[in-house]
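Participant: Sharing a structure, written as structure tokens. Questions coming.
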Amino acid sequence: MARRFIAATTIPEAIEAVEKLRKQRLEFSVDRLGEAVLSEKEAREYQERYLQLIEVLNATVAGWAEDERLDRDQAGRIPRLNVSLKLSSLYSQFDPLDPEPTSRAVRQRLRAILSLARKHGAFINVDMEQYAYKDVTLRIFREVLEEPEFRDWSDVGIAIQAYLKDSARDLEELARWVEERGAAVWVRLVKGAYWDYETIIAQQNDWPSPVFETKAQTDANFEKLSEFLIEHHRKLRPAIASHNIRSIAHALAAARERGLAREALEFQVLYGMARPIQRALLQLGQRVRVYTPMGELLPGMAYLVRRLLENTSNESFLRAGFLEHVPEEMLLMNPVELIKPVKQKKQADEFRNEPLADFSREAARQAMSDTLAVVAKHLGESHPLVINGQRVQTEGIIESRNPSHRDQVVGRVARATQDHALRAIEAAKIAFVSWRRISADDRAALLFRAAQIMRRRRFELAAWEVHETAKQWREADADVAEAIDYCSYYGRQMLRLARPIRSDVPGEDNEYLYIPRGVTVTIAPWNFPLAILCGMTVAAVVTGNTVVMKPAEQSPVIGAKLMEMLEEAGLPPGVVNYLPGIGDQIGPVLVNHPDVATIAFTGSRAVGLEIQRQASNTPRDQQHVKRVITEMGGKNAIIIDEDADLDEAVHGVVASAFGYAGQKCSACSRAIVLDSVYDTFVNRLIEATGSLKIGPAEDPGAFVGPVIDEEARQRVLHFIEIGKTEARLAYAGDVSRLAQEGWYVAPHVFVDVPETATIAQEEIFGPVLSVMRCANLDEALRIANGTPYALTGGIYSRSPANIERIRSEFIVGNLYINRKITGALVERQPFGGFKLSGVGSKAGGPDYLQQFMQPRTITENTLRRGFAPSADAGVEGAGQ
Ligand code: FAD
Ligand code: NAD
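All the letters of the sequence shown, read from the start, carry residue numbers 14 to 893 under the working numbering.
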């Protein structure tokens, strides 16, 4: 099957393929498959392969006899050698979030290819990939062609995708740019090969879809853009790439109508597709170019899948025309007449995850960088405690520092004493008397208002996270989105839970309802500084409890922002009391206090278990059993099966292990790899890890930032030293240039790690990954399950049987199959683990709120001397 669409595997085969095309009087554009580039080594190899391809094929085509029709058009000579390439393959850290450095890095490699092509008189076409890459691809194309060496060069082109709603605007911009530059470029007009992908990604993220929803709209737009190109053919030289007879015929007619020379319009088709159409176009005397991919099957898989999708899609012209024999009148109909409106699906009041910011868009990037600058002006401000609605200054302060720039004070935050803790509990206790009587509707409404405020302050909050906790842009934005999700999800859950469950029978009314438990203490970690603190706190509030809220000492400023927003949302004094302080100073007072009913804790195992122990003491004046909700650490593993897609597996492990410098409870710290793929996996993993950029969190290009503080840095370094005695250190990054600036620890990869090693058992909470070899899936499972933790886990596999087995035997709270293991979303992946990872409740899930309440049943006997009122029939006699 692959051979049908992939012309050649080796260079000699490629030579043979292009010679065959020449004989058929077809032009070609050769493409080297292998788009997934995970490391700089792979990106360099991609570049090398292109340089080699150009050299070799140049020698081939130079020997061909002149053929007027193939070698010249109305404007002059047509390059015989034509090459297509994908820009994202030239740089492993290609990221639209960071367009400038991405462009610089890509251009650096592209330049060599362009120079060589120009030297040999060859043509280079830039393919268009997924939408997220579109703007940066266009930017690189323009920037490189403005360089003096290429400014007057016209043997270059770029693909424009008509299925994109942006495409008309992009084409107009391209035309304006060519006007400025002077020399023409080619535009290959395509409909676009990633329709399914774009649609799924937009749906998953709740982003507006960048592609048209109906095929007819795409077809109509293709025709509109064809006309635009034909009208601007001197500057934007048209190459119509389609297998759709209507689209082709329309372009032919439009060109004829405008008196275009026949040679001025080129047609392009894909290798192995639509042969009859190629022949027909040749018979009409048109120039036809065949896009000719070459390369190995495995790297070519993505290309092959796109072709199969295209050929089998219900919407495909080829399928309709050649397989289903749809009547000609239908096939050739004007697409404008076929456009139908599309229906909206989701109800307005249903919960939907807050869409993440799409940083591939210029507007989002601009907003974030502007806001970072604005927030930077407020660094160092003071934040008092808030007890019973009153601002309380303290003698001691916590100086919160920026981990990326340790000399920078982000905020001076009040440091609560034990006495403040007692006052905060008292305030919460008093506020509980009235707050518990507020209706669930009103409490939920408060959460919805808080969500609204967070939406308004979205980038500002993210900017605070960048400064205070060194979260990268996407990580910071995701944390804010998660906080919004908690508010809107728990608000809706409470409305559901507030409806009493009735089990009435004649003569007996039964009601099952929830009441709040009382004063709740929330104790949060710093690594999801807004989401976790907010989630625990609003869960308590919406269920009718009052709260003493203690943020981590590393992220108290974000805690102060949360307090501010809850107040703005209309929270009465005392319902939430903001109590930043040192955990082991005020923690025990909060945990041991007899007036505290519930403790919601997220953090390390040591502290969590200590809280469990303390809370189980029941002093004489305490009249209830405390409820303790503890969410603790993890030692999460990803299993790499023998048939795993390694492009995805390496990418998923790197993202899960080194995202936010490994400081996520869900992070992957163990990769358990089946023997047969171990060496390949490890090599690619190391190259990919070595290609990650390390730097301060405000730098959008830095993937790995610092760890949270000096103590964390020392702890991680200590584990690295232990690791060196237990296993082989296969990769250690270098952070020496940043050592004076912040608390940086470079990514480390240990291989051949024994399953019992300390670094394979203890949570390190930093960018350290242990790779383990195993003989088979039994062993992989045993190792994966062989820690006291059970938080997250994952597998990369293509075997349905193995996946099935993992589903039932890999015992973790959140199991992920063929994707990264971090980034859980509210409602979609309620989050939390068991064993020593936690009590098994799931934040952001349907069972979470119940923990903050007590269920009651109330039964009333309504039978009175033989009569019982009935709900639907008024009074009913029980008997005569
Ligand atoms: P048709 O069957 O008429 O159209 C199918 C296309 O319609 C789909 O591919 C999709 O784009 C669109 N479509 C399908 N369903 C819907 C829907 N529900 N709503 C809206 N639109 C829909 N593609 C790229 O993305 N980048 C490239 O760089 C690129 N280079 C190419 C080079 C050449 C020489 C050729 C021939 C194709 C290239 N393609 C590229 C692939 C091209 O996008 C597909 O081959 C093309 O979309 C198929 O269109 P068609 O006119 O042949 O077929
Ligand atoms: P930590 O346990 O050091 O601190 C967590 C909170 O507990 C802080 O607010 C701290 O001030 C407080 N604290 C410290 N000592 C206390 C005491 N004696 N009594 C009461 N409170 C006390 O954890 P951390 O470094 O902030 O966070 C990292 C840890 O959190 C990791 O182990 C990570 O896996 C875990 N975590 C778990 C989840 C989850 O959902 N399971 C989520 C995020 C983080």
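We put the beta carbon where it would ideally sit given N, CA and C, even for glycine.
Since the model is a prediction, treat every value here as computed from it, not as a measurement.
Roughly how many angstroms separate the alpha carbons of Ile28 and Arg419, rounded to a whole number?
Facilitator: Sequence index remark: in the sequence shown, residue 28 carries index 15 (1-based). Sequence index remark: in the sequence shown, residue 419 carries index 406 (1-based). Using only the alpha carbons, I get a separation of about 58 Å.
Participant: Across the segment 709–719 and the segment 685–697, are there enough close Cβ pairs to call them in contact, namely three or more that are closer than 8 Å?
Facilitator: No, the segment 709–719 is not in contact with the segment 685–697.
Participant: Mapping DSSP to helix, strand and coil, what is Glu29?
Facilitator: By 1-based counting over the sequence shown, the position of residue 29 is 16. Reduced to three states, the DSSP call for Glu29 is helix.
Participant: Verify whether the separation of the beta carbon atoms of Ile707 and Leu751 is less than 8 Å.
Facilitator: Indexing the sequence shown from 1 puts residue 707 at position 694. Indexing the sequence shown from 1 puts residue 751 at position 738. Contact: yes.
Participant: How long is the line joining the alpha carbons of Tyr176 and Met343, rounded to whole angstroms?
Facilitator: Position 163 of the sequence shown, counting from 1, holds the residue named residue 176. Position 330 of the sequence shown, counting from 1, holds the residue named residue 343. Each residue's Cα considered, the two are about 21 Å apart.
Participant: Using the rule of at least 16 other Cβ atoms within 10 Å of the residue's Cβ for burial, across every protein chain shown, is His263 buried or exposed?
Facilitator: Locating residue 263 in the sequence shown gives position 250, where the first residue counts as 1. Label assigned to His263: buried.
Participant: Using only the heavy atoms of ligand 1, determine whether one of them is closer than 7 Å to the beta carbon of Trp208.
Facilitator: Sequence index remark: in the sequence shown, residue 208 carries index 195 (1-based). Flag set: Cβ of Trp208 near ligand 1.
Participant: Buried or exposed: Trp77, going by 16 or more other Cβ atoms within 10 Å of its Cβ?
Facilitator: To locate residue 77, count along the sequence shown from 1; it is residue 64. Result: exposed.
Participant: Residue range of the alpha helix (DSSP H) that Arg122 falls in?
Facilitator: Counted from its first residue, the sequence shown places residue 122 at position 109. Taken as a continuous stretch (DSSP letters only), the alpha helix (DSSP H) holding Arg122 covers Pro112 to Lys132.
Participant: Please return the same chain residues whose Cβ sits closer than 8 Å to the Cβ of Ala15, not counting the five positions on each side in sequence.
Facilitator: Residue 15 sits at position 2 when you count from the first residue of the sequence shown. Taken in chain order, the residues that qualify are Leu310, Gly313 and Leu317.
Participant: Can at least three beta-carbon pairs, one atom from the segment 196–204 and one from the segment 242–257, be found at a separation below 8 Å?
Facilitator: Yes: at least three Cβ pairs fall under 8 Å.
Participant: Comparing alpha-carbon positions, which option in Ser52, Ser128, Pro882 and Asn234 lies nearest Leu351?
Facilitator: Numbered from its first residue, the sequence shown carries residue 351 at position 338. If we check each option's Cα against that of Leu351, Asn234 comes out closest.
Participant: Go ahead and label Glu566 buried or exposed: buried means 16 or more other beta carbons lie within 10 angstroms of its beta carbon, across all protein chains shown.
Facilitator: For the purposes of this step, residue 566 is taken as residue 553 along the sequence shown, with counting starting at 1. Answer is buried; the Cβ neighbour count reaches 16.
Participant: Going by C-alpha distance, which of Pro593, Gly572, Trp539 and Arg456 is nearest Leu508?
Facilitator: Reading the sequence shown from its first residue, position 495 is the one you call residue 508. The shortest C-alpha separation from Leu508 is found at Arg456.
Participant: Hey, is Glu240 close to ligand 1, as in C-beta under 7 Å from one of its heavy atoms?
Facilitator: Numbered from 1 along the sequence shown, position 227 holds the residue referred to as residue 240. The answer is no for Glu240.
Participant: Helix, strand or coil: which one does DSSP assign to Tyr861?
Facilitator: As a working mapping, residue 861 is identified with position 848 in the sequence shown. In the structure shown, Tyr861 sits in coil (DSSP, three-state: anything other than H, G, I, E or B).
Participant: Asp183 to Ala254, Cα distance in whole Å?
Facilitator: Along the sequence shown, read from residue 1 onward, the residue named residue 183 stands at position 170. Along the sequence shown, read from residue 1 onward, the residue named residue 254 stands at position 241. C-alpha separation (whole angstroms): 18 Å.
Participant: In the DSSP assignment, find the unbroken alpha helix (DSSP H) run with Glu478 in it and report its ends.
Facilitator: Along the sequence shown, read from residue 1 onward, the residue named residue 478 stands at position 465. Residues Arg471 to Thr482.
Participant: Put Ser783 into one of helix, strand or coil per three-state DSSP.
Facilitator: Here the question's residue 783 lines up with position 770 in the sequence shown. Ser783 falls in the strand class under three-state DSSP.
Participant: Please state whether the Cβ-Cβ distance between Tyr809 and Asn789 is less than 8 Å.
Facilitator: Here residue 809 is taken as the residue at index 796 of the sequence shown, counted from 1. Here residue 789 is taken as the residue at index 776 of the sequence shown, counted from 1. Not a contact, by the Cβ cut-off of 8 Å.
Participant: My guess is that Val224 and Glu211 are in contact by the Cβ rule of under 8 Å, so how many angstroms apart are they, rounded?
Facilitator: Taking the first residue of the sequence shown as 1, we reach residue 224 at position 211. Taking the first residue of the sequence shown as 1, we reach residue 211 at position 198. Rounded, the Cβ-Cβ distance is 5 Å, consistent with contact.
Participant: What does the Cβ neighbour count give for Gln485, buried or exposed, with the cut at 16 atoms within 10 Å?
Facilitator: The residue you call residue 485 lines up with position 472 of the sequence shown. Under this definition Gln485 is a buried residue.
Participant: Just reading off the beta strand (DSSP E) that Pro306 is part of, what are its end residues?
Facilitator: For the purposes of this step, residue 306 is taken as residue 293 along the sequence shown, with counting starting at 1. Start and end: Arg300 to Met307.
Participant: Rounded to whole angstroms, what's the CA-CA distance from Glu375 to Arg487? Just pull it up for me.
Facilitator: Looking up residue 375 in the sequence shown gives position 362. Looking up residue 487 in the sequence shown gives position 474. Their backbone Cα atoms lie some 14 Å apart in a straight line.
Participant: What does the alpha-carbon distance come out to for the pair Tyr79 and Met286?
Facilitator: Counting from one through the sequence shown, the residue named residue 79 turns up at place 66. Counting from one through the sequence shown, the residue named residue 286 turns up at place 273. Before going further, note that residue 79 is Glu rather than Tyr in the sequence given. Cα to Cα, Glu79 sits roughly 27 Å from Met286.
Participant: In three-state DSSP terms, what is Asp219?
Facilitator: As a position in the sequence shown, residue 219 is number 206, starting the count at 1. Reduced to three states, the DSSP call for Asp219 is coil.
Participant: Quick one: which unbroken alpha helix (DSSP H) runs of 4-plus residues sit fully inside the segment 751–817? Chain order, please.
Facilitator: Entirely contained in the segment 751–817, the alpha helix (DSSP H) runs reaching 4 residues are, in chain order, 771–774 and 790–797.
Participant: Within a Cβ cutoff of 7 Å, which residues of the same chain sit near Leu297, ignoring the five residues on either side of it in sequence?
Facilitator: Taking the sequence shown and counting its residues from 1, one reaches residue 297 at position 284. Result list for Leu297: empty, nothing under 7 Å.
Participant: With a CB to CB cut of under 7 Å and the five nearest residues on each side skipped, what residues in its chain are close to Trp208?
Facilitator: On the sequence shown, position 195 is the one that residue 208 refers to. Hits under 7 Å: Tyr176 and Val224.
Participant: Please specify which runs of the beta strand (DSSP E), each continuous and at least 3 residues long, are wholly inside the segment 403–475, giving them in chain order.
Facilitator: Complete beta strand (DSSP E) runs here, min 3: 403–405, 410–415 and 418–427.
Participant: Determine the extent of the beta strand (DSSP E) in which Pro569 is found, giving its start and end residues.
Facilitator: Here residue 569 is taken as the residue at index 556 of the sequence shown, counted from 1. Here Pro569 belongs to no beta strand (DSSP E); instead the alpha helix (DSSP H) covers Pro569 to Glu581.
Participant: Measuring only the C-alpha atoms, how far is Ala483 from His637?
Facilitator: Residue 483 sits at position 470 when you count from the first residue of the sequence shown. Residue 637 sits at position 624 when you count from the first residue of the sequence shown. The alpha-carbon atoms of Ala483 and His637 are separated by roughly 41 Å.
Participant: Measure from the alpha carbon of Ser42 to the alpha carbon of each residue in Ala386, Val149, Val50 and Ala30, then state which is nearest.
Facilitator: For the purposes of this step, residue 42 is taken as the residue at position 29 of the sequence shown. Measuring from the Cα of Ser42, the nearest candidate turns out to be Ala30.
Participant: Hey, could you find the ends of the alpha helix (DSSP H) Lys147 is sitting in?
Facilitator: For this step, residue 147 is matched to residue 134 along the sequence shown. First-last of the alpha helix (DSSP H) with Lys147: Tyr144 to Leu158.
Participant: Could you give the first and the last residue of the continuous alpha helix (DSSP H) run that contains Asp498?
Facilitator: The sequence position of residue 498 within the sequence shown is 485, counting from 1. That run of the alpha helix (DSSP H) goes Trp486 to Leu510.
Participant: Taking 7 Å as the cut-off, is the beta-carbon of Gly621 closer than that to any non-hydrogen atom of ligand 1?
Facilitator: For this step, residue 621 is matched to residue 608 along the sequence shown. Incorrect: Gly621 has no Cβ contact closer than 7 Å to ligand 1.
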